[in-house]
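Numbering (the working numbering), first residue to last: 88 to 228.
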């Protein structure tokens, strides 16, 4: 179950990697699934926008793009996160940057285990799950 954190085109030191891995594994297990290979790549907003256009035909910036598949009950994923957008959002929402980064990291996995955020009701459920796993993450620190 390798969960890998790496930089794509930026320099970024992610803290509490093991606690994040443990939290991700818990999310996946709580939904009755197993983790396969999950790669997180941190990049800048220009790179993620290019990927958003190329693969999803979305012509805008975003904080996260999740490419994943489920093979039986095994979750595999390639997840891109734009660090600078997460930083901007932490200022906009008045949250600490490490918490906002953890929330985004969990958000990608929550999509893969079946949660969506298209409707207001789905977005509330997603936010609730993010808060739950953020609290779990904090309990590990």
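Don't be surprised by glycine CBs; every beta carbon is placed ideally from N, CA and C.
- Per DSSP, the beta bridge partners of residue 169 are 130.
- Under the Cβ criterion (8 Å, minimum of three pairs), the stretch 177–195 counts as touching the stretch 210–225.
- Rounded to whole angstroms, residue 143 and residue 206 show a C-alpha spacing of 20 Å.
- Secondary structure note for residue 192: its alpha helix (DSSP H) is the uninterrupted segment 184–199.
- Beta-bridge pairing by DSSP links residue 122 to 162.
- The count of Cβ pairs closer than 8 Å, one atom from the stretch 88–96 and one from the stretch 122–133, reaches three, so the stretches are in contact.
- Note on residue 164: 16 or more other CB atoms within 10 angstroms of its CB, so buried under the neighbour-count rule.
- Counting only the Cα atoms, residue 202 lies some 14 Å from residue 156.
- Out of 109, 170 and 228, the CA that lies nearest to the CA of residue 100 is found in 170.
- Counting along the chain, residue 224 sits inside the alpha helix (DSSP H) bounded by residues 207–227.
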